[in-house]
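To keep things clear, I will list the structure first and then write my remarks on it.
Chains as they are written, first to last, in the numbering used here: chain A, 1 to 118; chain B, 119 to 216.
Dropping the structure here:
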């Protein structure tokens with residue numbers, strides 16, 4: 001069983017990165033791995049409550065985020081500095097997350113077998 | 119862990135975030151537009167000098183040469199070729215800062 005971490009750094013909706021980063025978690029959920037995800041830099045906005053993409057004509061993230069846990073991705077980490085720099089607080093996120101400082105994020109990255117960046 | 123950065127530090131925060139998170143002594147490799155950060159005298163020079171205190175910093179020679187930067191690199195940045203790149207990836211798990 002491999003420890004696999006998805007590191008999300010790109011803003012939602014402007015590019016496909018954030019969406020792909022979410023989809024791939026669901027795919028990996030079919031296999032026996034230890035999954036986790038980090039949201040840092042502009043990707044912290046992917047977790048924000050109240051996103052309404054209907055006028056853009058694209059599927060949003062809010063239906064998918066709560067099922068990550070059911071697909072085996074039980075640990076969702078948010079980089080504290082990225083969050084604070086963008087004026088966000090832990091209450092602004094649509095799902096429960098663990099807020100972690102730079103050193104903590106660096107440490108858990110080192111513990112992974114594989115890192116997939118988005 | 120090998121941290122690979124390919125975006126210009128003047129356009130994106132990838133290098134800055136990488137340096138903030140990278141554990142002490144973890145190597146950092148600049149490729150593609152990220153090599154612009156290794157040019158001497160730029161406003162990100164301090165960022166790179168700070169990284170050099172805690173990390174080996176490499177830059178891919180092909181990208182350095184293509185941008186005419188071979189003679190003007192921040193001291194301490196090591197220029198490597200593609201074979202060295204492969205060696206680094208063999209020796210360390212990679213994390214790419216897209």
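From the three backbone atoms N, C-alpha and C, an ideal C-beta is built for every residue, glycine too.
State the start and end residues of the unbroken beta strand (DSSP E) segment that holds residue i.
| i | result |
| --- | --- |
| residue 98 of chain A | 98–100 |
| residue 3 of chain A | 3–8 |
| residue 16 of chain A | Here residue 16 of chain A belongs to no beta strand (DSSP E), and DSSP marks it neither H nor E. |
| residue 196 of chain B | 196–198 |
| residue 133 of chain B | It is not in any beta strand (DSSP E) - residue 133 of chain B instead sits in the alpha helix (DSSP H) that spans 132–139. |
For chain B, check one thing: does any of its Cβ atoms lie closer than 9 Å to the Cβ of residue i?
| i | result |
| --- | --- |
| residue 86 of chain A | no |
| residue 82 of chain A | yes |
| residue 105 of chain A | yes |
| residue 23 of chain A | no |
| residue 71 of chain A | no |
| residue 1 of chain A | no |
| residue 41 of chain A | yes |
| residue 114 of chain A | yes |
| residue 7 of chain A | yes |
| residue 12 of chain A | no |
| residue 118 of chain A | yes |
I'd like to know whether the C-beta of residue i is nearer than 9 Å to at least one C-beta of chain A.
| i | result |
| --- | --- |
| residue 212 of chain B | yes |
| residue 166 of chain B | no |
| residue 144 of chain B | yes |
| residue 209 of chain B | no |
| residue 188 of chain B | no |
| residue 139 of chain B | yes |
| residue 135 of chain B | yes |
| residue 119 of chain B | yes |
| residue 148 of chain B | no |
| residue 131 of chain B | yes |
| residue 206 of chain B | no |
Taking Cβ positions, are residue i and residue j nearer each other than 9 Å?
| i | j | result |
| --- | --- | --- |
| residue 18 of chain A | residue 93 of chain A | no |
| residue 126 of chain B | residue 155 of chain B | yes |
| residue 101 of chain A | residue 80 of chain A | yes |
| residue 89 of chain B | residue 146 of chain B | One cannot answer for residue 89 of chain B here, as it falls past the ends of chain B, which runs 119 to 216. |
| residue 68 of chain A | residue 25 of chain A | yes |
| residue 64 of chain A | residue 116 of chain A | no |
| residue 162 of chain B | residue 185 of chain B | no |
Over what stretch of residues does the alpha helix (DSSP H) that includes residue i continue unbroken?
| i | result |
| --- | --- |
| residue 183 of chain B | 179–184 |
| residue 65 of chain A | Counting along the chain, residue 65 of chain A falls outside any alpha helix (DSSP H), and DSSP gives it neither H nor E. |
| residue 216 of chain B | Careful: residue 216 of chain B lies outside any alpha helix (DSSP H) and carries neither H nor E. |
| residue 82 of chain A | 80–85 |
Determine the DSSP secondary structure at residue i, reduced to helix, strand or coil.
| i | result |
| --- | --- |
| residue 75 of chain A | strand |
| residue 190 of chain B | coil |
| residue 162 of chain B | coil |
| residue 105 of chain A | helix |
| residue 35 of chain A | strand |
| residue 122 of chain B | strand |
| residue 144 of chain B | coil |
| residue 55 of chain A | helix |
| residue 27 of chain A | helix |
Around the Cβ of residue i, are there at least 16 other Cβ atoms within 10 angstroms (buried) or fewer (exposed)?
| i | result |
| --- | --- |
| residue 103 of chain A | exposed |
| residue 53 of chain A | exposed |
| residue 129 of chain B | exposed |
| residue 204 of chain B | exposed |
| residue 35 of chain A | buried |
| residue 192 of chain B | buried |
| residue 120 of chain B | buried |
| residue 12 of chain A | buried |
Can you tell me whether residue i sits near the ligand NAP, meaning its C-beta is under 8 Å from at least one heavy atom of the ligand?
| i | result |
| --- | --- |
| residue 59 of chain A | For the ligand NAP, the structure offers nothing, since it holds no ligand at all. |
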